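Working notes, structure below.
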Amino acid sequence: MDYRRFGDTLLVRIDRGEEILEQVKTVALKENIQLASVQALGALGSFTVGVYKIDEKKYYANSFEGSFEIVSLTGTIDTMNGEFYTHLHLSAGNDRGEVFGGHLNRAEVSATCEMVIRLIDGRIDRQYDDVTGLNLFKFL
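In my numbering, the protein residues as written are 1241 to 1380.
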């Protein structure tokens, strides 16, 4: 992984064999990112995404292996209890044009991933919500 910062924007290259969430955390901690939006594209060899069932308050994971193009990777970097937190969603398509997606649990890059992290001047935290069972924005 390599990256460069240009003002309030970081351009990140995640390399073959690297896991996306691990690299996002590495950059966020190194750059002390408190609040940012994330978007990316690239190619994956495997990934796991989850779908949340609100009535059960539980995520169900789906794993995929093969050749996939990231159609959309979007989300936020922020904090929970003052510590690093990220919430990313991924959609990826196969060679037949079928797209699969959900809450990103894991994604291994097969060729490259080009990511843009846009810093937001502000701060929020997250807190657990008993009604939904999710960690929601807590505006400070």
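Positions of the beta carbon are idealized from the N, C-alpha and C atoms, including for glycine.
On a predicted model such as this, the values are computed, not experimentally measured, just so you know.
Could you please give the first and the last residue of the uninterrupted beta strand (DSSP E) stretch that includes Leu-1250? Translated into positions along the sequence shown, residue 1250 becomes position 10. Note, Leu-1250: beta strand (DSSP E), 1249 to 1255.
Could you check the C-alpha separation between Leu-1359 and Tyr-1325 for me, to the nearest Å? For the purposes of this step, residue 1359 is identified with residue 119 of the sequence shown, where counting begins at 1. For the purposes of this step, residue 1325 is identified with residue 85 of the sequence shown, where counting begins at 1. CA-CA distance, Leu-1359 to Tyr-1325, rounds to 14 angstroms.
Going by C-alpha to C-alpha distance, which of Asp-1370, Leu-1380, Gly-1341, Asp-1318 sits closest to Val-1264? Here residue 1264 refers to the residue found at position 24 of the sequence shown. When only C-alpha atoms are compared, the closest one is Asp-1318.
For the beta strand (DSSP E) containing Thr-1288, name the first residue and the last one. As a first step, residue 1288 is located in the sequence shown; it is residue number 48 there, counting from the start. For Thr-1288, the enclosing beta strand (DSSP E) begins and ends at 1276 to 1293.
Terminal residues of the alpha helix (DSSP H) in which Leu-1205 lies: Residue 1205 is absent from the structure shown; the chain starts at 1241 and stops at 1380.
Let me confirm a value: Leu-1376 is counted as buried when at least 16 other C-beta atoms fall within 10 Å, else exposed. Which label applies? The residue you call residue 1376 lines up with position 136 of the sequence shown. With fewer than 16 Cβ atoms within 10 Å of its Cβ, Leu-1376 is classed as exposed.
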